[in-house]
Amino acid sequence: LVRLEVPRDYPAERIKVQVAGGAGGMAGPGGKPGAGGKAKGCLVYKADGGKNGRPGADGQPGPAGAEGSVTVQRL
-12 LVRLEVPRDY
-2 PAERIKVQVA
8 GGAGGMAGPG
18 GKPGAGGKAK
28 GCLVYKADGG
38 KNGRPGADGQ
48 PGPAGAEGSV
58 TVQRL
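The numbering of the sequence shown is this note's numbering, which starts it at -12 and goes up by one.
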């Protein structure tokens, strides 16, 4: 919302205000893969640790900004 106060005789064609919403932000990069589990020592059997995880997917771009409005008040 923009409220603009101008003198009564100010020419309306000289008033220019952008009210269109802006583009959304860029998508964020995916997260790093998680570390795998650790193997534990045991006298009876041997077990491998868990495998490393996979990288995360990239995020979604942000939504576009909402459109604004202008009110011109002449003094």
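Ideal Cβ positions, reconstructed from N, Cα and C, are used throughout, including at glycine.
Please read all numbers here as calculations on a predicted model, not as lab measurements.
Per DSSP, residue 47 has no beta bridge partner at all. In this structure residue -12 touches residue 55 by the C-beta definition: roughly 6 Å separates them, less than 8 Å. Boundaries of the beta strand (DSSP E) around residue -7: -11 to -7. Pairing residue 10 with residue 53 gives a Cβ-Cβ distance that is not under 8 Å. In this structure, the beta-carbon distance from residue -2 to residue 62 does not fall below 8 Å.
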